[in-house]
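To start, the structure under review is shown below, and the notes come after it.
In the working numbering, the protein residues as written are 1 to 319.
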């Protein structure tokens, strides 16, 4: 991938997709193609085929997906599996048909078993039952990984499946019913501060441990991977293992510690009340990032720095 390469970013308005566009621009890539959902419905196979026929991108970042937190995944499992499968099937297949040189598929850490050894290594995929609250989404993402592997094996493509840990940053979803834990807590704390509330309710016991990565770091990792020569990534392209690579910081904290950090940054002085009737989800998820570190990449944003920047974005209208 060089500065003149034609690059398609699917999902360019989302948390990861918008960060990828920012990263590409910072790295001197200007020939970037994207479409809004109104301009191109990725669930519509003919529309996707027509797009690839007309644009002929050389490289593709597949960041488009239906995403959400525990409540959304648990409430709308049919939409999560159907929409994500359709997007992946259409984009990956049409990318191959159009001769795309390299594609990067964005997955999720929820692909790994619920009771997974920690830290989570790439080879733990498909070694145990999934977390029930987001099983439909996870199965769709696993299918995307296998699709990349199948096309690599059969057609000699160089498709990569990058598995991010929990992400946050500009253009996140702050809907209290459908968002992930960090943006939901940020909005709750901010609104409680403005209203003078004496407490904020946090779902679950506060004991699960989670790892968080700023979306700009994730985007830089994606661009870094796409810029590498095939020889450097040769370990990802083989017959027996999927082209899977974890992206994270390798460090975690409890949900209670996260809530306390967000309260401090937002300036909420009230009490944190943990609603133990709500699900905790998986008790711990921290990624083993040995594979990407060996390739020479590591994140550059601390959690405190990232939350400060994200809150500033939220105050500026990023919500």
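Don't be surprised by glycine CBs; every beta carbon is placed ideally from N, CA and C.
Bear in mind that the values here come from a model prediction, so they are computed numbers and not experimental data.
| Asked | Found |
| --- | --- |
| With a floor of 4 residues, list each alpha helix (DSSP H) that falls wholly inside the stretch 119-161, ordered by position along the chain. | 135-155 |
| For the alpha helix (DSSP H) that contains residue 96, what are its first and last residues? | 77-97 |
| Looking at C-beta atoms only, is the number of pairs between the stretch 33-51 and the stretch 260-269 that lie closer than 8 Å three or more? | no |
| Compare the C-alpha of residue 315 against each of 277, 171, 208 and name the closest. | 171 |
| Using DSSP bridges, identify the partner residues of residue 291. | For residue 291, which the question treats as bridged, DSSP gives no partner whatsoever. |
| Report the three-state DSSP secondary structure of residue 275 (helix, strand or coil). | strand |
| Taking buried to mean at least 16 other C-beta atoms within 10 Å of its own C-beta, is residue 53 buried or exposed? | exposed |
| Any contact of the stretch 176-189 with the stretch 141-156, i.e. 3+ C-beta pairs under 8 Å? | no |
| With distances taken Cα to Cα, identify the nearest neighbour of residue 282 among 296, 70, 304, 202. | 70 |
| Within the continuous alpha helix (DSSP H) that includes residue 307, where are the two ends? | 303-313 |
| Sort 127, 307, 110, 100 by Cα distance to residue 58 and report the nearest one. | 100 |
| Below 8 Å on the Cβ atoms is my guess for residue 104 versus residue 226; work out the distance and round it to an integer in Å. | 6 Å |
| Kindly list the residues whose CB is nearer than 7 Å to the CB of residue 173, restricted to its own chain and excluding five residues on each side of it in sequence; keep chain order. | 179, 183 |
| Could you tell me whether the Cβ atoms of residue 80 and residue 168 are closer together than 8 Å? | no |
| Let me know if residue 102 comes out buried or exposed under the rule of 16 or more other beta-carbons within 10 Å of its beta-carbon. | buried |
| Within the same chain, show all residues whose beta-carbon is closer than 7 Å to that of residue 12, passing over the 5 residues directly before and after it, in chain order. | 18, 21, 34 |
| Should residue 219 go down as buried or exposed, given a rule of 16 or more other Cβ atoms within 10 Å for buried? | buried |
| Per DSSP, what are the beta-bridge partners of residue 164 in this structure? | 247 |
| Tell me which same chain residues have a C-beta within less than 7 Å of the C-beta of residue 49, skipping the five on either side of it? | 94 |
| On the criterion of 16 or more Cβ atoms from any shown chain inside 10 Å, does residue 78 qualify as buried, or is it exposed? | exposed |
| If I measure Cβ to Cβ from residue 25 and keep anything under 8 Å in the same chain, skipping five residues before and after, which residues do I get? | 32 |
| Under a Cβ-count criterion, where at least 16 other Cβ atoms within 10 Å of its own Cβ denotes burial, should residue 30 be classed as buried or exposed? | exposed |
| Give a yes or no on contact between the stretch 111-129 and the stretch 287-296, applying the rule of three or more CB pairs nearer than 8 Å. | yes |
| So, residue 89 versus residue 162, is the Cβ gap smaller than 8 Å? | no |
| Taking residue 157 as the reference, give the member of 203, 233, 175, 130 with the closest Cα. | 233 |
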